[in-house]
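Chains as they are written, first to last, in numbering that gives the first Met the number 0: chain A, 0 to 749; chain B, 0 to 298; chain C, 0 to 206. Even glycine gets a Cβ: it sits at the ideal position worked out from N, Cα and C. Just below is one structure, and these are the notes that go with it.
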Amino acid sequence: MADEMKIGAYICNGCGIGERLDSSQLEMTATRDGKAAVCQQHDFLCSEAGVKMIQDDIDNEGVNHVVLAACSRRAKTEAFNFDNVTLSRANLREGVIWVRPDEDDQRETTQEMADDYIRMACAESKYMKIPEASGQQSVNKNILIAGGGVAGMTAALEASKAGYPCTIVEKSGELGGATAKLYKKIPTSAPYADPEDNGVDAMVAAVEADSNITVCLNSTLTNTAGAPGRFAADISTESGSTETKDFGAIVQASGFTEYDANQLPEFAYGKNKDVVTQMELEALAKEADGGAIKRPSDGKEVQSVLFIQCAGQRSKKEGHLEHCSGYCCSASIKQAMYFKDQNADVDTTVLFSDLRTPGAGGENFYRSGQKKGVIFTKGIASEVVDGANPTVKFKDLILDEDVDLEVDMVVLATGMVPNAGQPSRAELTDQDNEDIAAEKAGEEKEIRIDVESILNLDYRQGKDVPHMDNGFADSHFICFPYETQRTGIYTAGPVRRPMDTQQAMDDAMGAAMKAIAAAENAGLGKAAHPRVADLSFPTFRAEGCTQCKRCTVECPFGAINETDDGYPEFNESRCRRCGTCMGACPVRVISFENYSIDTVGQQLKAVDIPDEFDEKPRILVLACENDAYPALDMAAQNKLEYSAFTRIIPVRCLGSVSLSWITDSMNSGYDGIILMGCPSGDDYQCHFVKGSLMAQERMSKVGDTLESLSLEKERVQTYEISITDIHKVPKIINEMVDTIEQIGMSPFKF
Amino acid sequence: MATKEYSFYPGCSSQDGASSSNYLKSVQSMCDVLDVKLNVIPDWNCCSASIGYCGGGELPRLALSARNIALSEQHNTGQDIVATCAACWLATKETQERLDDDAGLMDETNQALAEAGLNLKNDSKIRHMVEVLIEDIGYEEMGKHVKKPLDGIKIAGYVGCQTNRPFGIEGESFENPKYLDKFIETMGAEPVENYDKKVSCCGGALAFSEPEKSQALIKDIIEAAYDGGADMIVTPCPVCQMNVEVYQDKINAQYGTKFHIPVTYYSTLMSVAYGKNGKEAGLDGQIIKAKQLEAIASK
Amino acid sequence: MSDLNTGMVEKYRNNFLKEVEANVEEGDWVKMCMQCGVCSGSCPLGTDWDHPPQELFMMIRAGKREEVLQSTSMWMCTSCYNCIVRCPRELPITHIMHGLAHYATRLGIEPKGQPTRQFAQLFWDNLAKNGRVNELWLGVNLYFMNGLVEGVKVALGMAGIGLGMLKAGRLSLKELVGGHTVKDKKGFKAMIKKAQELEAARVDNAQ
C-alpha cells in the first residue's frame, strides 16, 4: 500500500479561511492541478473531528501523502501529527488571509495566492518520501568524559545517576583539576558571605565509589574516530599502553590554564617573588591553612596586599587576553577574605576598573567583602616597582590622581586560557596549511601548531572542536549552550567560556544531559538540535558525483568524510540535517528523503505565472525556517500586509539553497527572488553556524548568471533576518514589488 | 462619618506671624470641611529640620523629635501624629525609625527625655497630612465636598523633595509621584502633564546661605511650570512654597525673566474649592496674589 | 587644632575609615559604596561640590582625613534625599554628609566661613535658645553674620522680600522681642544638655 502514492488534500475553513476564500475553487485546484486523489473540507480541521477525518483516510483510503491547506506549518503541530505519511502544508492563514486586506477588489489576487500555495504543497508532496532511520547504528549508552576536574566529575556523576556508564580520561595523576588547587572556593549558597570548602575530596570519593564510572588517570585521547552513537576512542596511558573503547557521546571538560604572567614584565612578575598569580596565592593559603599567610620572598607574615584585577586581560595589547574571565573579581574578594578572616588588620586592596561578580550570590559576596573591610579602589595599575616591598603605581580613577602604594605582596588576577586543543582546519592560517600539506607530501616540516590536541578527532576538518571568540570551544554562546560544532561532543566548564567552580558544575550537568540525548538520538537515527528527532539524512547519487569535495568542505559540522576514492562519506549521526551540502552540490546529487532539489524546485515550478501583460508579477521568497519564516508568521499575526504577488517557500537553512532553484525560477518567469536567512558574521545567528554565510557567498556569484540571461541583478536580493524583524519582512517584500515596477516584468514568461 | 482625630504637630513655620502661617490657616479650613480634628501637641518644639546638624549632634537632634512624640503619647494618647510641614514629618519619622533600629540610641534618648520628665514608647504612627487625605479620607470623599470646581485653572503640582524622599507616599514613585496631580484634578483644575521639575530641589535651607545657587534651581522649577502652560504652582511643603514664591523678583532681575506666578498649598486649593472665603483659604498670605483663586473664592 | 582632633589623629593613625565608622553618624556605611556615581549625578548642586559624595567616600577609604573634614563639599547638601533613594547600595548618603559636617565641627576643623556652616549653626543656636525657631532673628542674624556693613547691604537687598512677607502676615516684628517659645524651657534645655553629654561621652570613649 505504501508503495503507491496517494495524495490526500484537506482544506480547513476555520479561522476565517472559509469566509475569505472560495473553498470549492481550492478543492478543484487540489484535485485538478495538485492531483490529490482525496480532497475534503472541514470547518475546524485541527479539532478532534477534523484530525480524525484525516486519520480515517490514512487508515482506510490508503492516503500516504497528506497535504493540509490551513495554517502555517509552525502552528498546530501537535494536532497534525500523523505517522508513516509525508506532510505538506499550504499556509492559507498566515501566508494569505492575514497578510491581505479583506476587500472586494483584492479577492481575485488573494484567491490566486491560495490556489498557488495548494499547487505548491501538492507538488512538494509528490516528491517527498517518508523518512526512515538508516539503521546505521544502535544505541551506545557509554559517555566519554575528557577531563577529571569538577566539571568532568559532575558530568560523570550526573550521567551515571541517569544510568549511563562513564569513562573519565584525565591527563594528570589525580582527579580534581584546578578546583583541587584552591584553598577554598567562591561560596555557592546563601548568604554568600564566606569562602567555602572546595568540595573536591567528597566529589572524588563519590566518583571512586561509583561502579558506573571508570577513571583513567595519566591518560590522554590519542585518537577519536566515528560519530555519535559509535565513537571509538583510543585511551593511551603515559606508560604507552592504549585501549580502544566505544562511546555514544562525548563531554569535553578540559578546563583552563592560568594565563602566563611572565608576559607581564611591567608588574615585576618573575622578578619580585612577592608578586604572585591568583593560583599561586591559593598555594600559599593552602600552606598557611588558616594561619597567617606568609609571603614567598622572606616568609614575612603579610600585613598588606594589593590585588591587580584584569592583569593581562580585557586588553587589546599584543599577547593579552581580550576577554573578561568572569571569575577573577570574585576570586580576589575571596582571597582578600583569606587575609581578613585571619586578621582583620591586614590591609587588603582590590584595584579594579570594573568590578564584576556574576552569579546569584556575586553581589552578596562583594558586599560581604566590603563589610569585612576589604578596600575596593577603582583604578588602573601601570607598574609594579621591584623592591624589598613591591610598590604598585596606579591611577586612581575616582580621585583622578597617581598613587604609589607600597605593599607586602601583590596578587595578579590574570584570567583563563581555555584548554580547547588545536584550531580546526578552517581556523588555520595559510602558513599552517602549507606546513601540513608539506608534511603530508613527505617533507620534513615542523608543524607550528604547538597546542596539544585534546580529542585527536579523526575528522578531516580538524583534530578538535572548532573554537569561537578568544579560543573557547562552543558553537553559540547564547542560543545553544554546550553544542559544539561537532555533533555528539559537548563542552562544559571553562573550556566553553570563562567561569567559576559552581558555574562549571552547573554547566557539566547541562552537557551531560545533552550527551545522553545525543547518544539516544544517534541510536535511533534521529537528528540532534535544532531539527530534533528528524529522521531524514542526506544521501547522494554516486553516479553523478564529480568528487568536487564542496560538500565535505562546506559542512559546518564535519559530518562528511571522504572515502579513499574521493566520494563523500556521510556520518549520518554527526549530521544536523541543515542541507548545506545539498545547497553546495553543483551537480545536485545530494538529497534528503523529505527535502530535496525537487521538493523545492517542483514547488516553485507549480506556481501559476501570469503572462507579462497581466501586470501580475511573481516574487519568490526562500525563507529560513528558523528565523525568517517565524518572522513572516508573526508579521501575519500582527496583520501586517504584504504584496499578493508573493510566494513563500520555507527552507531548512539558507545554506541549503541550490543555485539551480534560482536559475529555474528566473527561467520560469519569476520577476524577483528574495532570500531571507539568519545574520552571519561574528555575532551570527545561523542555527547551523555558517549556512547563511555560505549562501551569501554563493549568491554573490548569481549576478553573473543573471547577466548571462540579460536580467537585472536587482531581481535577486539576499537579506539577513532576525526572528524579531517582524516589521522589516513585509517592507522588504513590498520594496521588491516597487523595484519590479521600476525595472519592469521579467521577459521570461511563457 | 465620624470625626477623625489626630495629634497635630504644626511646626515653627506655621506659627502666628511665621512664614507658612497661611498654610496652617488653609489646613484648618480644609479639615473643618472634612470633619478632621487636629489636636495640637502641647508645648511641641522645633525638630531642627535638616539644617540643625552643625550645632546638633545625632542624639540631641533625635531628642528633639523624641520629645514631641513623647508629649503626643502622653497627651494625645493613641492618636496618629500628623505634620503638615515636610521637614517636621521627615525629622519625626526618621527619629522614630532610627530609635526603633538602635536600642542603644533609644536608651540614651530616654535618659535625655527623663531630664524633661518624659518617656518615649515610640509606637505612634507618624504621618503627613497628605497621607491622611489619601489614605483616611480618599479621593472620592475629597471630591464630594467640592462646591466650586476650579475650572479652567492649569496647575503645576510641585511635590518637591522631602514630602517625596526618602519616605514618600505609599504607592507613589520617587521619580514621578502622581498624588498631587490627582488632588488638582479632584478639585476640578487641570494638572500640568509631565511637569519636568515635579520632584526637583528648590535649594531648601540653602536658599538662605547659597542664594545664587538656590535661585538657579528655583528658576528651572518655575520655568518648567510655565513651559507646561501652568497658571499657578501648588505644593505640599512650606519651604518649597516660600522659596518658589518669594524670590521671583530677584530671579527676574538676575536672569531677565518675567516670572510672576502664584504658588499655593494643596490645602489652599481645597479650601477655595470647598467654598471657603479668601481669608479662610489663606489667600491673603500670598505675596504673589492667586487672582484666579481669589475670583472663585469671592464668587 | 582642638585637643579632640589631636586625640583622634593619635588614636586612628592613618585609618581614617575606622575613625569615620566609629564617630560619624551612619559612618559604617561608607565602606559599602560601590563607586557607581549615581549620588553625584543626582545631586541638585552636584557641580558645586569640590568632591561629590562618591569621591568623599573614596577619599575616606584612601585616608585623606584633612581634605575630607576641611572640605566645603558636604556643606553643599540641600537635604533633598535624591541620592538616598537612588543609591543602589542604599547608603544613607544625606545623613552621612550631615554626619561628616557635624563631626568636622565637633573637632573644630570645619570650614568656618562657609555660609551654610554659619547658617546651620545659627539655626541650631536659634532653636536651642527657646525650643522653637524665631524666623525674624534667624534672618537678622543671617544677614549680619559677616559683619555690620556687609549685613546692611544684604539686608537692604532682601528688604523687598521681608516687606512682602510682613505685608502678607508671614513675618512678625513681634518676634523681635519675646516671640515663640516652648513653655517648659527648663526641661527642654536640660534634655538637650543631657543628650549632648551622652554623645560627648561616647566620642570621648572612642578617643
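Quick one, which of the options has its alpha-carbon nearest residue i's?
| i | options | result |
| --- | --- | --- |
| C/Cys35 | A/Phe612, A/Ile397 and A/Gln54 | A/Ile397 |
| A/Ser188 | A/Cys554, A/Cys574, A/Asn418 and A/Phe364 | A/Phe364 |
| B/Val243 | B/Phe207, B/Asn44 and B/Lys278 | B/Phe207 |
| B/Tyr178 | B/Asp101, B/Ile152 and B/Val131 | B/Val131 |
| A/Ser381 | A/Asp42, A/Asp403, A/Thr723 and A/Pro555 | A/Asp403 |
| B/Gly255 | B/Arg97, B/Ala215 and B/Ile133 | B/Ala215 |
| C/Leu165 | B/Ser6, B/Phe7, B/Tyr5 and B/Asp15 | B/Asp15 |
| A/Gln312 | A/Val301, A/Ile647, A/Tyr326 and A/Pro555 | A/Tyr326 |
| A/Val715 | A/Leu621, A/Pro629 and A/Cys685 | A/Leu621 |
| A/Pro649 | A/Arg73, A/Leu20 and A/Asp58 | A/Arg73 |
| A/Ile142 | A/Asp82, A/Glu173, A/Ala232 and A/Val149 | A/Ala232 |
| A/Ser329 | A/Ile618, A/Pro130 and A/Ala359 | A/Ala359 |
| C/Pro114 | C/Glu54, C/Met144, C/Gly40 and C/Asn14 | C/Met144 |
Can you tell me the Cβ-Cβ gap for residue i and residue j, rounded? I've got them flagged as a contact below 8 Å.
| i | j | result |
| --- | --- | --- |
| B/Thr91 | B/Pro9 | Contact doesn't hold; Cβ gap of about 12 Å is too wide. |
| B/Cys11 | C/Val132 | 4 Å |
| A/Phe687 | A/Arg575 | 6 Å |
| A/Ile720 | A/Thr500 | Actually they do not touch by this definition, with Cβ atoms about 40 Å apart. |
| A/Ala145 | A/Ile249 | 7 Å |
| C/Ile95 | B/Pro165 | Contact flag wrong, Cβ pair sits at about 13 Å. |
| A/Glu237 | A/Asn217 | 4 Å |
Provide the residue span of the beta strand (DSSP E) that contains residue i, from first to last.
| i | result |
| --- | --- |
| A/Thr746 | It should be pointed out that residue 746 of chain A corresponds to Pro in this sequence rather than to Thr. A/Pro746 -> no beta strand (DSSP E), and no H or E assigned at all. |
| B/Val35 | Val35 to Val39 |
| A/Pro616 | No beta strand (DSSP E) holds A/Pro616; DSSP gives it neither H nor E. |
| A/Met675 | Gly671 to Gly676 |
| B/Ser6 | Lys3 to Tyr8 |
| A/Cys165 | Cys165 to Val168 |
| A/Pro567 | Pro567 to Phe569 |
| A/Pro649 | Thr645 to Val650 |
| A/Glu561 | Ile559 to Glu561 |
| A/Cys11 | Ile6 to Cys11 |
| B/Arg126 | Ile125 to His127 |
Using the Cβ count rule (16 or more neighbours within 10 Å means buried), how would you classify residue i?
| i | result |
| --- | --- |
| A/Met0 | Confidence at A/Met0 is low in this model, with a pLDDT of 42, below 50, so its placement is unreliable and the value that follows should be read with caution. When all chains shown are included, A/Met0 counts as exposed. |
| A/Tyr458 | buried |
| A/Ser240 | exposed |
| A/Phe612 | exposed |
| A/Pro567 | buried |
| A/Arg31 | exposed |
| A/Arg697 | buried |
| A/Asp564 | exposed |
| A/Thr551 | buried |
Give the range of the alpha helix (DSSP H) segment to which residue i is assigned.
| i | result |
| --- | --- |
| C/Tyr11 | Asp2 to Tyr11 |
| A/His41 | Segment Val37 to His41 is the beta strand (DSSP E) holding A/His41; no alpha helix (DSSP H) there. |
Residue i touches chain F at which residues, Cβ-Cβ below 8 Å?
| i | result |
| --- | --- |
| A/Ile397 | Given the protein chain composition of this structure (A, B and C), no chain F is represented. |
For the stretch 245 to 260 of chain A against the stretch 449 to 460 of chain A, do three or more pairs of beta-carbon atoms, one drawn from each stretch, fall closer than 8 Å, so that the two count as touching?
Touching, yes, given that three or more Cβ pairs across the two stretches are closer than 8 Å.
Any contact of the stretch 6 to 17 of chain A with the stretch 64 to 78 of chain A, i.e. 3+ C-beta pairs under 8 Å?
Counting Cβ pairs under 8 Å, three or more are found: they touch.
Using 8 Å as the threshold, is the stretch 32 to 41 of chain B in touch with the stretch 109 to 116 of chain B, meaning 3 or more CB pairs across them?
Look at the beta carbons and you see the stretch 32 to 41 of chain B not touching the stretch 109 to 116 of chain B: under three pairs across the two are nearer than 8 Å.
Given 8 Å, three or more beta-carbon pairs between the stretch 51 to 59 of chain C and the stretch 20 to 38 of chain C
Result yes; three or more Cβ-Cβ pairs closer than 8 Å.
Below 8 Å, how does it come out for the stretch 66 to 76 of chain C and the stretch 225 to 242 of chain B: are there three or more Cβ pairs, yes or no?
No, they do not touch.
Quick check: the stretch 45 to 59 of chain A against the stretch 119 to 134 of chain A, are at least 3 beta-carbon pairs closer than 8 Å?
Taking 8 Å as the limit for Cβ pairs, the verdict is that the stretch 45 to 59 of chain A does not touch the stretch 119 to 134 of chain A.
Does the stretch 512 to 528 of chain A touch the stretch 483 to 496 of chain A, meaning 3 or more C-beta pairs lie closer than 8 Å?
The stretch 483 to 496 of chain A makes contact with the stretch 512 to 528 of chain A; the number of CB pairs closer than 8 Å reaches 3 or more.
If we count Cβ pairs, one from each stretch, closer than 8 Å, do we get three or more for the stretch 95 to 111 of chain C versus the stretch 52 to 60 of chain B?
The stretch 95 to 111 of chain C and the stretch 52 to 60 of chain B touch, with no fewer than 3 CB-CB distances between them shorter than 8 Å.
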